[in-house]
Amino acid sequence: MSTVYGRGGHPGRTRNAGWSRVKNDAIEQRGFQLLEQLDETSRTQVWRAVQTNLDRTVILQILKEHAAQNPGETAHFLMIARRIARIKSEAVCALFDIVSEAPLHYVVMEQVDGPTLEELVLQHGPLPFPQILRIAASLADGLDQMWRSAHLVHRNLKGATIRLDERGIAKITDFSLAIEAGPGIDATDMDQGLIVGTPCFLSPEQASGSRTLTTQSDMYALGALLYYLATGHVPFEELDVASILAAHCNGRIPPPHLLRNDLPKVFSWFLHRLMMKSPENRYAGWDAVRQDLDRLRKGTSPASCVRPDDTAPSTVDAAPLREAVSDTPAAEQEAAGPRIRMAGRPKNEKITAYQSKTIEEDHAREIRRETLVREGFCWLVLAVWLIGLFWVRAVLEPAEGQPDARPAPEPPPIDETQAGDKTPEAEKGKASTDVPETSDVPVPPPSSATGTATDLPAVGEMHPALKTALSQALIKGNLIRARALVQSHPDPFRNQAELAAFLTDMPDPDALVAEYLLDQTGKPLQWERNGKTRTVIPRAIVGSTAHLDANGNRIAVPLDTLSPEEKLRWMNPARTAHQTAAQCLLLLHSPRRHEIRSKMAHCPLLAPFLDEALRLMPEGVTPPAE
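This note's numbering puts the first residue of the sequence shown at 17, with every later residue one more than the last.
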């Protein structure tokens, strides 16, 4: 199971122009005009369209060509659609019609004019706590009806698939990954051995490829979504896909009340229960979820949520409930692939530090556990041996007050020359003569940290090993690692705190690309890739993906897949030292490396390390002579 489907569709998919024409013609003949593609999964496309005869805007969920050619997938698609039509809930978009005329199969659904939850968070940041509770109550009702009426699991609950209508009611708008589930049902039968869904919101059982799913999987996704609405950050961001899947199964995130002062602690306990690692430890049903939500709205403590002393593992770390997460890890795990982060939102260093910290803590805890087991066994063996020894002595030696019948052994002869050395006084005297009153061992000079700032070495004169390690971190673009090295190094230097703050404030290059594309929304841009130049028009930035129009087709381009040259082309001119430094990190991996030297003057704190990074860069790309 190596592929994860989600927003952005199937990796490496190709568009079939012939199929697109057939699809468009057939849909227009049915009285629909396609306006905009909203989403795409491995099996379906989701479009906004106008139903011309009724003059209303609707949503079309269209089965893709390869899926439509598979009778099993077609039957599954139509079965799910018929079951959704049975659901009676304000939180579920109404299904108006089902069209099945080979080779085209699609459903017509209600269009909700309001924004998605993802758009709300990206525009306004974390939502107010009362609004979060109202949204949670709406979704709990909709998911409950999905399970009761149709026995369906949504599998793709996230901010992009939920919209708020004009009344503020949250509505689930996309069911492209919904499946029939329950005990004894193979939930992955249609997935061809692949993990489907959006990585940041997958339940542990989905992330591990379990074939048995229940509505408790949607409970976990609801908890992850509420965490995003409350903090503005998805669980386990700043990780590659494989690490995210593993983190859902083994990792933890800080309780949201530690990241927002206006969130009650019991809300963290509520999420703790929703996001238990094992489905059996989550809420037994949606009635209990709604009851605890009612208590939260009334300001009373939920009855069913798990208290911090509960030992059942959960994604939300409710056991320690730390009051602060201020320490930065000394090292960060190297990413195995592109990292996931919601574009348009700044990094949350508390979450990043907490994730790295808990990974290290888990490893250390496992080592301590193994050590204690080994030591405990050794102490047990020693105790048994001592007990046996005392028992043998008690049996063999005479009791106190009884004469020993055995003849006493004769004492050994005493060496008169050594007898005096065995007295305690002699031992004390000998010890006092072995240790001199004053030591000749050289004492290291006092740390320069106690001196004045002028006594400390300059930034570029720091310890060579630190300079090299910091430069290597910059080559990898690992700013967290670089900052940790600066903060934790025992040899102080001038501007140490200033350099750490500079690294903290440096923007992620992908964030600069997202900012530029948002500024250029609706404007034609030149995109050079694989030796070809084409015109594209930015339409939106959703998550870490840019949605572009190219020759009338909507394409989704993950920002982390762009080359350094492509990112440099799609950036505004640097206005600050931090932006200049971020561009220099991209230039390190570009044939235009020579431009770095002309930019060093604009970021003097980083200049010595950029110069060292140029020296350390591996061979392969030879920069032109200046």
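Every residue, glycine too, gets a C-beta built ideally from N, C-alpha and C.
Between serine 606 and proline 580, the C-beta gap is smaller than 8 Å, which places the two residues in contact.
DSSP links tryptophan 543 through a beta bridge to Arg550. Assigned with DSSP and collapsed to three states, glutamate 253 falls in coil, not helix or strand. Closest in C-alpha terms to alanine 97, from the list Glu81, Ala597, His121, Ser105, comes His121. In the structure shown, tryptophan 63 falls within a strand segment according to DSSP collapsed to helix, strand and coil. According to DSSP, residue pairing for leucine 180 in a beta bridge involves Ala186. When DSSP states are grouped into helix, strand and coil, isoleucine 496 belongs to the helix group.
Each residue's CA atom was taken as its position, placing lysine 548 and alanine 530 some 22 Å apart.
Excluding five sequence positions before and after asparagine 69, the CB atoms of its chain that fall closer than 7 Å to its own CB belong to Gly47, given in chain order. Residue Pro142 holds the alpha-carbon nearest to the alpha-carbon of aspartate 278 among Thr331, Arg227, Ser192, Pro142. Only exposed fits glutamate 52, as fewer than 16 other CB atoms lie within 10 angstroms of its CB.
DSSP places arginine 72 inside the beta strand (DSSP E), whose first and last residues are 72 to 79. Counting along the chain, isoleucine 201 sits inside no alpha helix (DSSP H), nor does DSSP assign it H or E at all. Annotation: the continuous alpha helix (DSSP H) that includes aspartate 157 extends over 145 to 166. According to DSSP, glutamine 49 shares a beta bridge with Val66. In this structure, threonine 231 lies near leucine 159, with their beta-carbon atoms less than 8 Å apart. Residue range 569 to 574 is occupied by the beta strand (DSSP E) that includes arginine 570. With respect to the 8 Å criterion, glutamate 134 and alanine 84 are not classified as neighbours on the basis of their beta carbons.
For histidine 594, DSSP assigns no beta-bridge partner whatsoever. A direct Cα-Cα distance of roughly 23 Å separates aspartate 627 from methionine 587. Annotated three-state conformation of arginine 227 is coil, per DSSP. Taken through DSSP and simplified to helix, strand or coil, histidine 610 comes out as coil. Beta-bridge analysis with DSSP links tyrosine 122 to Ile78, Val115. Within the same chain, Cβ atoms closer than 7 Å to the Cβ of serine 317 are found at Val282, Arg311, the five residues on either side in sequence being excluded.
Classified as buried, threonine 596 has 16 or more neighbouring CB atoms from the shown chains inside 10 Å of its CB.
Residues of the same chain with a CB within less than 8 Å of the CB of leucine 490, apart from the 5 flanking positions on each side, are Ala498, Leu601, Leu604, Leu622, Phe625, Leu626, Ala629 in chain order. Ranked by Cα distance from isoleucine 211, the options Asp190, Leu501, Arg171 are led by Arg171.
The residue among Ala566, Met522, His594 with its C-alpha nearest the C-alpha of glutamine 542 is Ala566.
Distance from the CA of alanine 246 to the CA of glycine 315, rounded to the nearest whole angstrom, comes to 17 Å. Below 8 Å, enough C-beta pairs join the segment 140 to 156 and the segment 234 to 246 to call them touching: three or more.
Under the 8 Å Cβ criterion, the segment 37 to 44 does not count as touching the segment 174 to 193, having fewer than three qualifying pairs. For lysine 293, the closest alpha carbon among the candidates Arg313, Ala328, Gln307 is that of Ala328.
Its Cα nearest to that of glycine 538, the residue Val552 stands out among Asn546, Val552, Arg545, Pro525. Between aspartate 71 and the set Asn86, Glu56, Gln49, the nearest pair of CA atoms involves Gln49.
DSSP, reduced to helix, strand and coil, places serine 105 outside both helices and strands of the structure shown, so it counts as coil. Secondary structure note for histidine 563: its beta strand (DSSP E) is the uninterrupted segment 561 to 566.
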